[in-house]
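Per our numbering, the very first residue in the sequence shown carries number 6; after that it's consecutive.
These notes are about the structure you will find just below.
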Amino acid sequence: MRKITTIMVLFLFSISAIPLSIEDSATTATTPLLIKESEWTLTSKSLPIAINGNGELASLASAGDGSPGNPYIIENYVINASGIGTHGILINNTNAYFILRNCTVTNVFGAYSGIYLENVTNAQITNNTASFNGEHGFYLYKCKNNMLAGNTATFNTRSGIYLFYHCDSNNLTGNTANNNTWSGIEVYWRCESNNLTGNTANNNTLSGIYLHQFCDSNNLTGNTANNNGDHGIYLDSSCDSNTLTGNTATSNGDYGIFLEGTSRWNTLINNTATFNTRSGIYIYFYCDSNNLTGNTASSNGEHGIYLNSNCDSNTLTGNTATSNNQSGIYLRDNCDSNNLTGNTASSNGDHGIHLYWYSDSITLTGNTATFNTRSGIYLYAYCDSNALTGNTANNNGDHGIYLYRSDNNMLTGNTATSNGAHGTYLDFNCDSNTLTGNTATSNGEHGIYFCDNCRWNTLINNTATSNTLSGIYLDQKCDSNVLSNNIANYNNGNGFHLTDKCYNNTLIKNTIFSNVNYGIYLNDSCYRNQLLNNNASSNGKDGIHIASSCNTSDFKNNVILSNQRFGIYVEGHFNYFYHNIICKNNDGRVNNQTLDNGISNTWIGNIFDEGIDSDGDGLLNDDELSLGTNLFLIDTDSDNLNDGFEINYGTNPLNADTDADGLGDYEEVEVQTTNATNADTDADGLSDGDEVNVYLTDPLVPDTDADGLGDAQELGNNTNPLIADTDSDNLNDGFEINYGTDPLNADTDADGLSDYDEVFLYFTNAINTDTDADGLTDGMEVAVYRTNPNSNDTDADGALDANEILLGTNPLIMDTDGDGYFDGYEITMGTNPLDLNDYPGKTSPAILDMTALLLIILIALMGVLIVAVLRTRKTTPSPGTPPKKLLSKDQPLDILRRRLAQGEITEEDYLTRKKLITE
C-alpha cells in the first residue's frame, strides 16, 4: 500500500512541474506560450516563443545542458503568427550553447521578424523556415559566433536573413533567401568577420547579398545571387577588407557585384557576374586598393568590369570580360594608379578596355582586347602617364589602340593587327607619348596614325607593315615628333606619310621597303622636317616624294635604292639634299635617279652611280651597299682600318672590334699583331684584350713566363703569369703544380726547409713535415740536430732520433756512454745508455734508482709507439739479436788500458771487457 502511495505522489508532483497557462482566447492571441516538450513532437500550430537569458533557454529546451558538447535543443515548432504583433521566435541575452532546428515560422505580423536573436552567442540555427513575415525572416542583432545553416527565408517583407550592428564571426552556410522584398541576405552596420558560404539569394526585389556601412573582413564564398531586382552582391559605404570568392551573380536587374562608397581593400576572386542588366562588376566612388582576380564578367548589358569616380590603386588580374554590350573593362573619371594585368576583354559591343577622363598612371600589361566592335584599348580625354605594355589588340572593328587627347603615355611592345581601321591611333592633341617596339600590321587603314596637333611624340623600333593604307601616317599639324628605327614595309599605300602642315618632325634610321606607293611621302605644306639615315628602297613609286609646298626640309645620308620610279621626286622648294645614296632607281641610269621640279633645292655630295668607289676605300659603291658600309666614309667603323682593307683581312668594317676581345681591330693588326678575328690568339683561355689590358701577359704566347703553366692556368692557381717562380723558392710554378708543392709557398710543408732544398739537396718529401717519421721535422733534423731527415735512426743504434733527443743520448753516436753497447740495446735491456758503468751482462745491478729505470722504460715504450704510428722504415733490433761489440778481438788491449789509466772505466770494467775480448 505504501509503494502505491509513493507512486501516486511522484505522479502528481511530475504533473505539477509542467507549467500550463489556461487563459481565454483573447489572452492566448497576444501572449507567447512557454511549453517544454520532452519525448513528443508537436504536430499542431504553436504560439510564438520568447526566451530571455540562459535560464529561460534551459527551461524551454527539450534536451542538452548548454555545454559545447551537449547543447540545448529547441526543435520542431510550427508557428503561424498571423495577426500577432511579436516575433515568431525571440531569443535574447544568451551565451549557452543551443540548437534551434526544424522550426517553421510564417505570417509574422507588422514590423516583426520570423526568428529574432539579440545578443546571442553560440547558437546553431539549422534547417528552419522563416517565410512570409512582416519584416525579416531571420534577424540577428549584436550576435556573435553563431551558425545559420540550411535555413530557408523566403517571401519576407524585408530581408530573408538580416544581421545588424556588431554581428561578428557568424557562419551562414547553405541557406536559401529568395523572393524577399528587400535583400536575400543583408549584413548592416559594423558587422565583421562573418562567413557566408554556399548560400542562395535569388529573385529578391533589391539585392541578393547586401553588406552595408562599415562591414569589414567578411568572407563570401560560393554563394549564388541571381535574378535579383537590383544587384547580385552589393557592398556599400566603407565595407573594407572583405573577400568574395567563387560567387555567382547573374541576370540581376542592375549590377552583378557592386562595390560603392569608399569600400577598400576587398578581394574578389573567381566570381562569375554574367547576364546582368547593367555591369557585371561595378566599383564606384573612392573605392581604392581592391583586388579583382580571375573573375568572369561577360554578357552583361553595359560593361563587364566598371570602375567609376576616383577609384584608385585597384588591381585587376586575369579577369575575363567578354561579350558585354558596351566595354569589357571601363575606368572612368579620375581612376588613377590602377593595375590591369593579363585580363581578357574581347568581343564587346564597344571597346575592350576603356580609360575615360583623367584616368592617369594606370598600368596595362599583357591584356588581350580582341574582336571588339570599336577599339581594343581606348584612352579618352586627359588620360595621362599610363603605361601600356605587351597588350594584344587585334581584330577590332575600329582601332587596336586609340588615344584621344592624352599625354605622356608609354606604349611598349603592344600588338595591334588586323583591325578595321588603324592599328594604333593618336588623335587630337596627344602630346609627348612614347611608342616603342609596337607591332601594327595588316590593319584596314594605317598601321600607326597621328592626327590633329599631336606633338613631341617619340616612335622607336615599331613595326608597321602590310597595312591597307600607310604604315605610319602623320596628319594635320602633327609637329616635332621623332620617328626612329621604325619599319614600314609592304604597305598598300605609303611607308611613311606626312601631310597637312606637319612641321619639324625628325625621321631617322627608319626602314621603308616594298610599299605599293611611295616609301616616304610629304605633301600639303609639310615644312622643316629632318629625314636622316633612312632607307627607302624597292617601293612601287618614288623612294621619297616631296610634293609642292613642302619646303625647307633636310634630307641627309638616306639610302634610296631600286624604287620603281625616282629615288627622290621633289616639287617643293628650298630643300637640302646632302650625302644621300640614290642608285638603281627608275631605269637605272644615273641621270634618271632624281627629278627636281622645285625651286632652289640644294644637292651636295649625293651618290648616283653604284659602279664607282666614291670614298676611295677600295670598295665599289655597289659592294658597300651590299655590305652596309658608308659610301662616304673610308672607315665606316672608325677603327683606323679602311673598309676595303678590313674586307680583305677578314674583319668586320662595321665593327671596330670584330672578335669582341677588347682590342680594336687596328691595335690587333698593327700593334699587337694578334688575330683580329680570333678573340684568343694564343688559345690560352684568356682573351687578347684581357692579356694586354688587364693581366699584361703576352697574347701571342700561351705561357708568358715559360714556367710550364698556361697563363689562364696561372690565374686559376693564383700564381703570377709574369714570374716563373711566384714564391721565389727556385722551383718554377709548373714544376710545383706537377710535383704537388704549393707554388705560392716556398716551404709547402712548413718544416723549415724550402721546397727546393727538400727536392734537390736533401731528397726529403717537400709535402711531408717529417719525411722519415721519426718525430723530428726535416728542418730540425738538418738545422739543429744534424741528423739524417731520411732515416729515423741516424746512428743505426736501434733508438729513434727523437727518443735519443728525449733521453739525452747522442743520435749521431751509436754508444753514447762508450760502454760497448748500442744505445738502443741498452734501452731495450733496461740499462742506462748514459752511464758507462751500467750495461747489459754486468754482475752487479745498475746503480740507477727505480724512478730513473721506470723513466727509461717509459721513454722506450713511447719510442716503440712512435715507430708504430709513423710507420718507420727501420725497426729496433729484437732483444734476441746480439749487439754488435764496439771493441773487437782485433783491437789492442792497450785501448782499454789507456781508458783505465785515464779513469774512464773502473778496474772491474777493465777486467770484464778484457775477458770478453780475449774469449
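Every residue, glycine too, gets a C-beta built ideally from N, C-alpha and C.
Let me make sure I understand the geometry here. Which of the options has the alpha-carbon closest to that of residue i?
i, options, result
"residue 389", "419, 655, 341", "341"
"residue 621", "843, 639, 627", "639"
"residue 235", "697, 267, 246, 185", "185"
"residue 193", "226, 244, 204", "244"
"residue 615", "599, 601, 587, 600", "587"
"residue 517", "483, 568, 487", "568"
"residue 668", "634, 447, 704", "704"
"residue 392", "203, 812, 419", "419"
"residue 319", "293, 759, 368, 784", "293"
"residue 585", "604, 539, 813", "539"
"residue 145", "349, 175, 139, 159", "175"
"residue 809", "327, 357, 790, 824", "790"
"residue 214", "369, 847, 189, 759", "189"
"residue 661", "571, 642, 676", "642"
"residue 494", "504, 482, 471", "471"
"residue 822", "843, 805, 803", "843"
"residue 277", "249, 266, 832", "249"
"residue 934", "563, 543, 542", "With the chain represented from 6 up to 924, any question about residue 934 goes unanswered, as that position is not in the structure."
"residue 637", "771, 611, 718, 403", "611"
"residue 303", "311, 699, 325, 312", "325"
"residue 773", "252, 782, 793, 62", "782"
"residue 423", "379, 441, 463", "379"
"residue 594", "227, 846, 383, 566", "566"
"residue 786", "802, 417, 807", "807"
"residue 365", "374, 415, 372, 327", "415"
Round the Cβ separation of residue i and residue j to the nearest angstrom and send it over; I've been treating them as touching at under 8 Å.
i, j, result
"residue 560", "residue 582", "5 Å"
"residue 712", "residue 739", "5 Å"
"residue 533", "residue 511", "In fact, because the Cβ distance is near 10 Å, the residues do not count as touching under 8 Å."
"residue 204", "residue 233", "About 13 Å; that fails the 8 Å criterion."
"residue 507", "residue 484", "6 Å"
"residue 386", "residue 409", "6 Å"
"residue 527", "residue 551", "5 Å"
"residue 490", "residue 515", "7 Å"
Taking the C-alpha atoms as reference points, what is the distance between residue i and residue j?
i, j, result
"residue 673", "residue 709", "18 Å"
"residue 118", "residue 381", "51 Å"
"residue 617", "residue 625", "5 Å"
"residue 314", "residue 359", "14 Å"
"residue 163", "residue 259", "19 Å"
"residue 753", "residue 656", "49 Å"
"residue 109", "residue 154", "14 Å"
"residue 450", "residue 322", "32 Å"
"residue 723", "residue 732", "11 Å"
"residue 220", "residue 126", "19 Å"
"residue 908", "residue 756", "43 Å"
"residue 670", "residue 524", "37 Å"
"residue 925", "residue 413", "Limits of the chain in this structure are 6 at one end and 924 at the other, which puts residue 925 out of reach."
"residue 694", "residue 685", "9 Å"
"residue 148", "residue 179", "19 Å"
"residue 290", "residue 316", "6 Å"
"residue 692", "residue 728", "20 Å"
"residue 377", "residue 421", "12 Å"
"residue 572", "residue 432", "32 Å"
"residue 460", "residue 486", "6 Å"
"residue 547", "residue 570", "5 Å"
"residue 267", "residue 171", "20 Å"
"residue 653", "residue 647", "10 Å"
"residue 715", "residue 762", "26 Å"
"residue 576", "residue 468", "29 Å"
TODO: Mind listing, in chain order, the continuous beta strand (DSSP E) runs of no fewer than 3 residues lying wholly within the stretch 631-689?
DONE: none
Open item on the list: Taking contact to mean 3 or more Cβ pairs, one atom from each stretch, closer than 8 Å, check whether the stretch 88-95 and the stretch 68-77 are in contact.
Closed with: no
Open item on the list: Threshold first: 3 residues or longer. Then list the beta strand (DSSP E) segments lying entirely within the stretch 509-560, N to C.
Closed with: 511-513, 516-518, 525-528, 535-537, 540-542, 549-551
Task: Uninterrupted beta strand (DSSP E) stretches inside the stretch 47-132 (no shorter than 3 residues) - done: 54-57, 77-80, 83-85, 94-99, 103-106, 109-111, 120-125, 128-131
Open item on the list: Runs of 4 residues minimum, wholly inside the stretch 731-775: which ones carry the alpha helix (DSSP H) assignment?
Closed with: 738-744
Task: Contained beta strand (DSSP E) runs [length at least 3] in the stretch 435-509, N- to C-terminal order - done: 439-441, 453-456, 463-465, 477-480, 487-489, 501-504
Task: Entirely enclosed beta strand (DSSP E) segments - the stretch 320-398, minimum 3 residues - done: 320-322, 334-337, 344-346, 358-361, 368-370, 382-385, 392-394
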